[in-house]
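Chains A and B, in that order, are what the protein sequence lines are. The first sequence begins at 1 in our numbering and counts up one residue at a time. The second sequence begins at 1 in our numbering and counts up one residue at a time. The beta carbon of each residue, even a glycine, is placed where N, CA and C say it ideally should be. In what follows, a structure is listed as structure tokens, so that the remarks can point back to it.
There are 2 protein chains.
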Amino acid sequence: MRAFAEQVFASETKGEDVRDEISMFDVDDDCPIMHQEMAHHLHTEDDAEKRRRTFPHSSPHPQQVDTPTYLEVPDFQRVAIIGDYASGVTMDDFELSCKGVYRALTIREKYMRLAYQRFPLTTSEYLREIEGGSFKTEDLVQPGEERRSGGSFRGVISVTIRVPPCQSYAFASIHQSSQPLQSKGRTPLIPRTCQRIWDMSRTPQPKTYTHRRLKFLMSKFNVHEMLNEMEEMKELKLNPHRDFYNCRKVDTHIHAAACMNQKHLLRFIKRSYRVDAERVVHKLNGKEVTMKELFESLHLHPYDLTVDSLDVHAGRQTFQRFDKFNAKYNPVGASELRDLYMKTENHIGGEYFATIIKEVASDLEDAKYQYAEPRLSIYGCNPTEWHKLSSWFVKHRVFSPNLKWMIQIPRIYDIFRGRNFVPHFGKMLENIFLPVFNATIDPQSHPELSIFLQHVTGFDSVDDESKHSGHMFCTKSPKPQEWDVGKNPSYTYYIYYMYANIAVLNQLRRERGMNTFTFRPHCGEAGAITHLLAAFMTADNISHGLNLKKSPVLQYLYFLTQIPIAMSPLSNNSLFLEYAKNPLLEFHKKGLVVSLSTDDPMQFHYTKEPLMEEYAIAAQVFKLSTCDMCEISRNSVLQSAMSHEEKSHFLGQNYLKEGPEGNDIRKTNVAQIRMAYRYETLCYELNLIKEGVKSD
Amino acid sequence: MRAFAEQVFASETKGEDVRDEISMFDVDDDCPIMHQEMAHHLHTEDDAEKRRRTFPHSSPHPQQVDTPTYLEVPDFQRVAIIGDYASGVTMDDFELSCKGVYRALTIREKYMRLAYQRFPLTTSEYLREIEGGSFKTEDLVQPGEERRSGGSFRGVISVTIRVPPCQSYAFASIHQSSQPLQSKGRTPLIPRTCQRIWDMSRTPQPKTYTHRRLKFLMSKFNVHEMLNEMEEMKELKLNPHRDFYNCRKVDTHIHAAACMNQKHLLRFIKRSYRVDAERVVHKLNGKEVTMKELFESLHLHPYDLTVDSLDVHAGRQTFQRFDKFNAKYNPVGASELRDLYMKTENHIGGEYFATIIKEVASDLEDAKYQYAEPRLSIYGCNPTEWHKLSSWFVKHRVFSPNLKWMIQIPRIYDIFRGRNFVPHFGKMLENIFLPVFNATIDPQSHPELSIFLQHVTGFDSVDDESKHSGHMFCTKSPKPQEWDVGKNPSYTYYIYYMYANIAVLNQLRRERGMNTFTFRPHCGEAGAITHLLAAFMTADNISHGLNLKKSPVLQYLYFLTQIPIAMSPLSNNSLFLEYAKNPLLEFHKKGLVVSLSTDDPMQFHYTKEPLMEEYAIAAQVFKLSTCDMCEISRNSVLQSAMSHEEKSHFLGQNYLKEGPEGNDIRKTNVAQIRMAYRYETLCYELNLIKEGVKSD
């Protein structure tokens, strides 16, 4: 049996394209007979019984992990490996790899807990088992909801802030004075642990081991699909009312400034001109001008404008050219129009931008089952940005039940430093975080910001990752106040200081019964692999993640910790990676938690429903089944910052439970067989780690 | 210079994948520098002048073909080949190939003229030049509009039909009595000429020659694109009002029975139940039942129905399984529901089907710029079908300015013969065509059918091409009345008899001032290459055409005769060919006239606007430029059966002219540079043929 299994996996590995890591995990899909034969050999009816009789003690992994029984999961065919296979590596390598993985898992668990971000229950349970302890419910790590009991803005104690408060250490030291934070209120020394995981991810043994495990996960899913596809479909067919169209989906990654499609923007511009031609809308060289005069100065008449002349859509010219892509944000290439229509701060107080967003929100409300998490920018260029943004938000009531707001911080210190807007990186951090600390400590003095912060659910870090990614953040890196050179800090440097501030901020806010924030950076769209490592230690979830293709160790860690990844294959297709080469399908098959998002409908999408376009194209190109699509939709809700109430309503009351128990098929339209497969597969991999660490 | 050109083409050919014909025409896109260098070498400013000075007589092809001047075409960079290159084949092979191609072109021209179908002006002009004659405008072959002067139903002379009228020869012999047809009223002896082209398409010399020409066309377009992409875009940006969204596009291939998307059908079923639960809608085992009873007999309640349980969407299970795909036409797997909702003949007189179609039409009218050409079925099973169909059409007023109607004939003689519905194939032809002849000859006796025929624009031939494609139609094939075996006739046999009847019918109808029909079969979706040959000789335009990949000779002939091809990559993706492997992009680049169509939105599409979904996905996956998309839209209008007035309105008054003169950029949003490139490229290839034939 073991020889057979090895033979099967050897033949699986044979087709492997070893030219580079990128194509390393492709599994040839063209030999269904082999899969079927393998399944046939490894599996017969009432298999569990028979196996128990035949091999009472030979399996190193307890049978109950492989074939648990649940309420309400129909029978399905399982793929089981009998015999001590251990991924075809030597016992020494196996143990070494498992220990490395175990350490990495505990590190993420610790940092997630510090920042009130998510860590999967199942993985925690296995970690406790490895440590010989037992899992306690209060250890469950979940992104924090505000404490309902606390109410809003009551009993806030004023805390004096000592300068310089721009740096996380400084913030941390403040909060150590307050009781509940004492035990966990220290910001972590990430650089050192970071280096440790980094070294591990480049050691040959863990690389081989995780690579083989990922190959296995892919093959296993292919077999599962072949065996159970019809059974999964049967569950969905018997599920009344619910289908892909009316299960909830969240656009987990979208920029507010490009959340409308190009045709929508065009129509809005034309409409605004018909109504407001004589309105003063802009200051041109110090002189107030009407909209008519503004368009005249651009030698344009909106009546003649077309999608082509608007020129905000990404095309072949933008591929691998993030700079050109950024220029596409300017309608007709005119930054004046960007200011007028897509900014919160301008002569008309961001009115048009607010109206466009409200129109997009209204379309989502009409579609009923679609939600979005738009990002608004805070640049850190000056300390009044938060005030202005929240005034805009409150004044225009840019609110919709279908929108959850996030703040994106562009990594453009170098530009501000170059123009002498900030003296050092510490000042930028201060501009970004100090107002939020102040509003948290003394909400009554910052009423609008406090209201706005109730709607903010998290922070994103954005910019072209292919730039500035050389420098690796380490213990010797200068402190933010000392970073006064013109050069931009590295991605990891940004990430660390954002995380540290968010972590401390969350501790403070949780203590006061306020909502906390998740850290959800753009990561792995391009650039160095270290980005993905930094996010592994700090981020609740990420956007893009393409470069996980290049590191089997990190990819396996993202799988074990079930870090959600908001993927945008249409955006990638225009910028970094051809559609057919997108790893979305591969990640999904292996069991990484992927969701679909649009990124920038203005630049990438053609139809009136960009999120549906994204799903439709993925379904067509990757031939996703309904169950796949509904699973991705479910992932998107889980990844999102929807409230506990909303998630309970959309996914079922037990959504926090992992495995089939946490799934309510009547709401999600995800087959219980699929849920059981995912859960058992995760447990099996975690169990291997446990065996590897314990066997020492 | 010649050595250089050969070197360039040699390196182009090097990357060629020679495993089979299918991948034979792929050009590696990854060496832009080479293209650019080549263009740089071959082209400089005021090139024509310089070249005229340097090589006054060395070029075998006159300069005026390469660089004509037009009104209103901006300057652009042209790719020119200097020196007598002749595609790298010997002079003998070149001449042999050109003669074969010339013969094939004249054959299509003849048959198109006989049936009042299209043949390109430019190609005709070159054919006349080769023959030493000159082109006369009255020779222009275009699909026939009814003669406006004739009026409707006036002055019709009754003609006695002699039996057996099922066969085209018989029809032809009738019409020889009427004067205007005498000269051209003979149905052609297709089998013999067919064999001649078929032999040619398999001869090595033409295969090599056409293969090389097609490679050249591909490379030439790639270079053109690289040099002029920005210039083309500039034209579009300067074109006021018009962009991709508001240029007209026609869904050139869609089946009426699946013209709604799955969600639309689901909603309609639920709505009909809410209103009509107690209505008698069906006869079950001879007993009349209400809708409620019908659903009860199926153990269903429409309230619980979902897209999943409806199960009309193609999935992975349908790939390469046309049989399973056909079964998807039955909602919930129940043919009773297909009868009730998607048939013109049923207990409620096809009311629901008519309503659904009118809803689809209303969506198209709202979208304003989208049109469709749905197919309704005539089976030829009994002679009353036309009467019933036209009654349905007239009764329910299934009419919309955004719909043009076609009749599809399923190739399922074998099924009817097996059930003894028809005694021989001739009877089936009689059932299909005799009612139309009768209504043409005596419209007043067939008022409803006559009205319906005014709305019918053409005939389609449909079914799984991968079946029954072995037999090659030849002069020894039995006559239709003699075909009384259970076996289905071959594709070519069907095509020939449909063409012959349509040709004679068109002659008769044209003579009486009525609208004529075009023959637009499904062709080359699967099965033998002979299908494409048969269509080359008989069809105005085709649907699918995928198999042109496999025959360079036919592909080149389709290019030279500019036969429009309605492609449906999403349909292919579910049935026969993965999306990324679809030849749409390749055909488009080479200059074949391709349009995009949905085929069956119910089975393949997800969004509310299936045609936009089709365009969006093609644009994303193939990275089409706006100019590409607008060119494809323009092709779709040209291919469609829109009236002369509509085409003039949508494409510009001169749309019948070929080249940039026929394009009105204000209406089509296609760059004049692109039009000039296409026109000059076609002329260049035709000129080569002329040189090859004349040099003898």
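Based on the DSSP secondary-structure assignment, which residues constitute the bridge partners of B/V456? Position 456 of the second sequence, counted from the start, is the residue given in the question as residue 456 of chain B. B/W405, per the DSSP bridge assignment.
Helix, strand or coil: how does DSSP classify B/Y352 here? Locating residue 352 of chain B in the second sequence gives position 352, counting from the first residue. In the displayed model, B/Y352 falls within a helix according to three-state DSSP.
May I ask you to list, following chain order, the residues of the region 278–312 of chain A that have a beta carbon less than 9 angstroms from some beta carbon of chain B? Residues H301, Y303, D304, L305, T306, V307, D308, S309, L310 and D311.
Span separating the alpha-carbon of B/D251 from that of A/G513: As a working note, residue 251 of chain B is residue 251 in the second sequence. As a working note, residue 513 of chain A is residue 513 in the first sequence. B/D251 and A/G513: Cα-Cα distance of roughly 58 angstroms.
Is the shortest distance between the beta-carbon of B/N573 and the beta-carbons of chain A less than 8 angstroms? Against the second sequence, residue 573 of chain B aligns to sequence position 573. Yes, B/N573 counts as interfacial toward chain A.
Chain-ordered neighbours of A/F244 on chain B, where CB pairs are closer than 7 angstroms: Your numbering for residue 244 of chain A matches position 244 in the first sequence. Residues of chain B passing the Cβ test: V307.
Going by beta-carbon coordinates alone, are A/Q672 and A/E229 separated by less than 8 angstroms? Sequence index remark: in the first sequence, residue 672 of chain A carries index 672 (1-based). Sequence index remark: in the first sequence, residue 229 of chain A carries index 229 (1-based). Result no, Cβ atoms of A/Q672 and A/E229 do not sit closer than 8 angstroms.
Proximal chain B residues relative to A/I673, where beta-carbon distance stays under 9 angstroms: Looking up residue 673 of chain A in the first sequence gives position 673. Within chain B, no residue comes near A/I673; the closest Cβ sits about 14 angstroms away, beyond 9 angstroms.
With a threshold of 8 angstroms between beta carbons, is A/T607 in contact with chain B? Walking along the first sequence from the start, residue 607 of chain A turns up at place 607. Yes, A/T607 lies at the interface with chain B (some Cβ there is under 8 angstroms from its Cβ).
Spatial neighbours of B/E231 within its chain, please: CB distance less than 6 angstroms, with the 5 preceding and 5 following residues excluded, ordered by chain position. By 1-based counting over the second sequence, the position of residue 231 of chain B is 231. Shown here for B/E231: same chain residues with a beta carbon closer than 6 angstroms to its own, the five before and five after excluded, namely F76 and I673 in chain order.
How should B/E680 be labelled, buried or exposed, when 16 other C-beta atoms within 10 angstroms of its C-beta is the threshold for buried? Within the second sequence, residue 680 of chain B is the residue found at index 680, counting from 1. Buried, since its Cβ has 16 or more Cβ neighbours within 10 Å.
So with CB distances below 7 angstroms, who are the chain B contacts of A/H241? Within the first sequence, numbered from 1, the residue matching residue 241 of chain A stands at position 241. Near A/H241 (Cβ distances below 7 angstroms), the residues of chain B are D304 and T306.
Taking only three categories from DSSP, how would you classify A/E288? As a position in the first sequence, residue 288 of chain A is number 288, starting the count at 1. Three-state result, A/E288: strand.
Contact list for B/I617 against chain D, beta-carbon separation under 7 angstroms: Looking for chain D here will not work: the only protein chains present are A and B.
How far does the alpha helix (DSSP H) with B/S97 in it reach, from first residue to last? For the purposes of this step, residue 97 of chain B is taken as residue 97 along the second sequence, with counting starting at 1. Unbroken alpha helix (DSSP H) run through B/S97: M91 to L114.
Would you mind telling me which residues of chain A sit closer than 7 angstroms to B/R263, beta carbon to beta carbon, in chain order? Reading the second sequence from its first residue, position 263 is the one you call residue 263 of chain B. Here residue 263 of chain B turns out to be Lys, not Arg, going by the sequence shown. Within chain A, the residues near B/K263 are Y245.
Below 6 angstroms CB to CB, which residues in the same chain sit around A/P383 once its five sequence neighbours on both sides are set aside? Start at 1 with the first residue of the first sequence, and residue 383 of chain A comes out as number 383. So the qualifying residues of the chain are N431.
Using a C-beta to C-beta distance shorter than 8 angstroms, which residues of chain B count as neighbours of A/R316? Residue mapping note: residue 316 of chain A aligns to position 316 of the first sequence, counting from 1. The answer, in chain order, is E229, K623 and S625.
Kindly say whether A/E448, judged by its beta-carbon, lies nearer than 8 angstroms to any beta-carbon of chain B. Within the first sequence, residue 448 of chain A is the residue found at index 448, counting from 1. False, the Cβ-Cβ gap to chain B never drops below 8 angstroms.
Thinking C-beta only, is A/C194 closer than 8 angstroms to A/L533? Mapped onto the first sequence, residue 533 of chain A falls at position 533. Mapped onto the first sequence, residue 194 of chain A falls at position 194. Judged by beta-carbon spacing, A/C194 lies within the 8 angstroms limit of A/L533, meaning their Cβ atoms are closer than that value.
Neighbouring residues, chain B, relative to A/A580 (Cβ below 7 angstroms): What you label residue 580 of chain A is simply residue 580 of the first sequence in a count that begins at 1. The answer, in chain order, is A580.
Count the other C-beta atoms from every protein chain shown that fall within 10 angstroms of the C-beta of A/S272, then say buried if there are 16 or more, exposed otherwise. Here residue 272 of chain A refers to the residue found at position 272 of the first sequence. Classification of A/S272: buried, given that the 10 Å Cβ count is 16 or more.
Am I right that B/L546 and B/V436 are in contact with their C-beta atoms under 8 angstroms? What's the rounded C-beta distance? The residue labelled residue 546 of chain B in the question sits at position 546 within the second sequence. The residue labelled residue 436 of chain B in the question sits at position 436 within the second sequence. Their Cβ separation, rounded to whole angstroms, is 31 angstroms, which puts B/L546 and B/V436 out of contact at 8 angstroms.
DSSP state of A/S461, grouped into three classes? By 1-based counting over the first sequence, the position of residue 461 of chain A is 461. In the structure shown, A/S461 adopts extended strand secondary structure according to DSSP, grouped into three states.
Can you find the residues in the same chain that come closer than 6 angstroms, C-beta to C-beta, to B/V693, ignoring five residues on each side of it along the sequence? Within the second sequence, the letter at position 693 stands for residue 693 of chain B. Excluding residues up to 5 positions away in sequence, C98, K99, Y102 and I130 lie with their Cβ nearer than 6 angstroms to the Cβ of B/V693 in the same chain.
Beta-carbon proximity list for B/E525, same chain, < 7 angstroms, skipping 5 on both sides: Start at 1 with the first residue of the second sequence, and residue 525 of chain B comes out as number 525. Same-chain partners within the cutoff: E465, H544, L546 and F576.
Using the beta-carbon of each residue, which ones in chain B are nearer than 7 angstroms to A/K237? By 1-based counting over the first sequence, the position of residue 237 of chain A is 237. Residues of chain B passing the Cβ test: D308, S309 and D311.
Taking B/K698 as the reference, which of B/M498, B/S695 and B/I529 has the closest Cα? No statement about residue 698 of chain B is possible, as the shown extent of chain B runs from 1 to 696 and does not include it.
Could you tell me the boundaries of the alpha helix (DSSP H) in which A/Q555 lies? Stepping through the first sequence from its first residue, residue 555 of chain A is reached at position 555. For A/Q555, the enclosing alpha helix (DSSP H) starts and ends at P552 to L560.
Out of B/P302, B/D311 and B/Y606, which one is the CA nearest neighbour of A/V621? On the first sequence, position 621 is the one that residue 621 of chain A refers to. Measuring from the Cα of A/V621, the nearest candidate turns out to be B/Y606.
Of all the CB atoms in chain A, is at least one closer than 8 angstroms to the CB of B/N612? Within the second sequence, the letter at position 612 stands for residue 612 of chain B. Checking the sequence, you will find Met at residue 612 of chain B rather than Asn. The beta carbon of B/M612 falls within 8 angstroms of a beta carbon belonging to chain A, placing the residue at that interface.
Quick one: is A/G132 buried, meaning 16 or more other Cβ sit within 10 Å of its Cβ, or exposed? Here residue 132 of chain A is taken as the residue at index 132 of the first sequence, counted from 1. Answer is exposed; the Cβ neighbour count stays below 16.
Quick check: is the beta carbon of B/L557 nearer than 8 angstroms to any beta carbon in chain A? What you label residue 557 of chain B is simply residue 557 of the second sequence in a count that begins at 1. Cβ-Cβ to chain A under 8 angstroms: no for B/L557.
With 16 as the cutoff for other CB atoms within 10 Å, does B/Y677 come out buried or exposed? Residue mapping note: residue 677 of chain B aligns to position 677 of the second sequence, counting from 1. Result: buried.
What does the Cβ neighbour count give for A/V360, buried or exposed, with the cut at 16 atoms within 10 Å? Here the question's residue 360 of chain A lines up with position 360 in the first sequence. Per the 10 Å Cβ criterion, buried.
Identify the contact partners of A/L532 in chain B, using a Cβ-Cβ distance below 9 angstroms as the criterion. Position 532 of the first sequence, counting from 1, holds the residue named residue 532 of chain A. The premise fails here: A/L532 is roughly 26 angstroms from chain B at the closest Cβ pair, so nothing lies under 9 angstroms.
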